[in-house]
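The next block holds one structure in the form of structure tokens; read it before the comments.
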Amino acid sequence: MSQETEHVKCLIIGSGPAGYTAAIYAARADLKPVLYTGMLSGGQLTQTTEVENYPGYPDGILGPEMMQNFEKQASRLGTDIRFGYVSSVDFASLPHKVVVDETKTILADTVIISTGASAKWLGLESEQKYNGFGVSACAVCDGFFFRGQDVAIVGAGDTAAEEATYLAKLCRKVYMIVRRDEFRASKAMVHRVLNTPNIEVIYNSETTEIVGDGQVVTGVKILNNQTNQDRLLDVNGFFVAIGHHPNTEIFRGWINMDETGYIITKPGSSETNIEGVFACGDAQDHIYRQAVTAAGSGCMAAIDAERYLAAKEHVVTA
1 MSQETEHVKC
11 LIIGSGPAGY
21 TAAIYAARAD
31 LKPVLYTGML
41 SGGQLTQTTE
51 VENYPGYPDG
61 ILGPEMMQNF
71 EKQASRLGTD
81 IRFGYVSSVD
91 FASLPHKVVV
101 DETKTILADT
111 VIISTGASAK
121 WLGLESEQKY
131 NGFGVSACAV
141 CDGFFFRGQD
151 VAIVGAGDTA
161 AEEATYLAKL
171 CRKVYMIVRR
181 DEFRASKAMV
191 HRVLNTPNIE
201 VIYNSETTEI
211 VGDGQVVTGV
221 KILNNQTNQD
231 RLLDVNGFFV
241 AIGHHPNTEI
251 FRGWINMDET
261 GYIITKPGSS
271 ETNIEGVFAC
281 GDAQDHIYRQ
291 AVTAAGSGCM
301 AAIDAERYLA
311 AKEHVVTA
């Protein structure tokens, strides 16, 4: 049972570029935001190394350092940043009830959801060992580091096909590892892959181990699931493109989502189907999934929340 209750104007659930940007704007609008970081403070960027595609950093910046900067800025402007996770929500009435760490109830006039999404991984120990050191789940983010080199990508859907063709523009050779004897991607994307000369599709194959020298990736072991033959690919980069899952399960039953769990927002806004609840970042974006677009949507959510509260305060009653 929840033992402590607190009332806040603006509650932000989740950190990362979306949550911290929402906090910066909400704080400047005097909403006195309270932000709960979740169990991974700073989000996915804290698990990356160099970030070179975020505007304003001409020499690049380490992902953890960038998120520390976001946090410092949000804190300096007045955000109450707390480490903790949301264990349940009740959006049946206003103010909204959000239970934190199963012990404290927050009554929030507005809620901004910025819980992000997590990449799906193969589950190999070596995959996590070299995550950020040759292993990546985002070709657009990290492909630049492998210009002129050989890489492998695993996946068979539209995202994998799109990322393979993106990598092919940067890399010397792209091995595309497909578990079955066919793609799941659309015919147009398959046609694009098959007509890219430096992409080699390896069908009926599964990754068994990421090989490295203790610091960076040097190869990938794959197994043909039809012939049981092993093969070692000499690559410097390994990209996992088997999908993402949004961290939105706790909101199921309250917030409208698509079939995969991404929150549905009203076109051109961060509004959800629940009054006073807004969503931003990768929790509602299955298309771009970039730090800069997440930050932009965090700005939108804070502005939407501020305008919502302002309209409530100025309701004229007869």
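At position 233 of the sequence shown (counting the first as 1) the number is 233 in the UniProt record's numbering, and the numbers step up by one without a gap. Note that beta-carbon positions come from the ideal geometry of N, C-alpha and C, so glycine has one too. Keep in mind it's a predicted model, so treat the numbers as computed, not measured.
What did DSSP end up calling Asn-131 once you bin it into helix, strand or coil? strand
Using the Cβ count rule (16 or more neighbours within 10 Å means buried), how would you classify Asn-69? exposed
Restricting to Cα atoms, I'd like to know which of Cys-171, Ala-160, Ala-188 is closest to Arg-179. Ala-160
Is it buried or exposed, Arg-307, if we count other Cβ atoms within 10 angstroms and call 16 or more buried? exposed
Measuring CA to CA, which of Ala-188, Val-235, Thr-227, Gln-290 is closest to Asp-150? Val-235
To the nearest whole angstrom, what separates the beta carbons of Gly-42 and Pro-64, a pair I think is in contact under 8 Å? 7 Å
Measuring alpha carbon to alpha carbon, tell me which residue in Thr-110, Val-34, Val-201, Ile-24 is nearest Ser-93. Thr-110
Alpha helix (DSSP H) runs wholly inside the stretch 113-185, at least 4 long, in chain order: 125-129, 139-142, 158-170
Would you decide whether Gly-16 is buried or exposed? Buried here means 16 or more other CB atoms lie within 10 Å of its CB. buried
To the nearest angstrom, how far is it from the Cα of Arg-147 to the Cα of Lys-32? 45 Å
Between Arg-184 and Thr-165, is the Cβ-Cβ spacing less than 9 Å? no
Check whether the Cβ atoms of Ala-294 and Gly-281 lie closer than 9 Å to each other. yes
Measure the Cβ-Cβ separation of Thr-79 and Ala-23 and say whether it is below 9 Å. yes
Continuous beta strand (DSSP E) stretch holding Arg-279: start and end: The residue you asked about is not Arg; residue 279 is Ala in the sequence shown. Where Ala-279 is concerned, the enclosing beta strand (DSSP E) stretches over 277-279.
So Ile-250 is in the alpha helix (DSSP H); what residue range does that whole segment cover? Per DSSP, Ile-250 belongs to no alpha helix (DSSP H) and is neither H nor E.
Is Ala-310 close to chain C, meaning its C-beta is less than 9 Å from at least one C-beta of that chain? Within the model displayed, chain C is absent; a lone protein chain is all it includes.
Along the alpha helix (DSSP H) that carries Ser-87, what are the first and last residues, could you check? Run containing Ser-87: none in the alpha helix (DSSP H); it sits in the beta strand (DSSP E), 86-90.
Using the rule of at least 16 other Cβ atoms within 10 Å of the residue's Cβ for burial, across every protein chain shown, is Gly-268 buried or exposed? exposed
Is the beta carbon of Val-240 sitting closer than 9 Å to the one on Leu-122? yes
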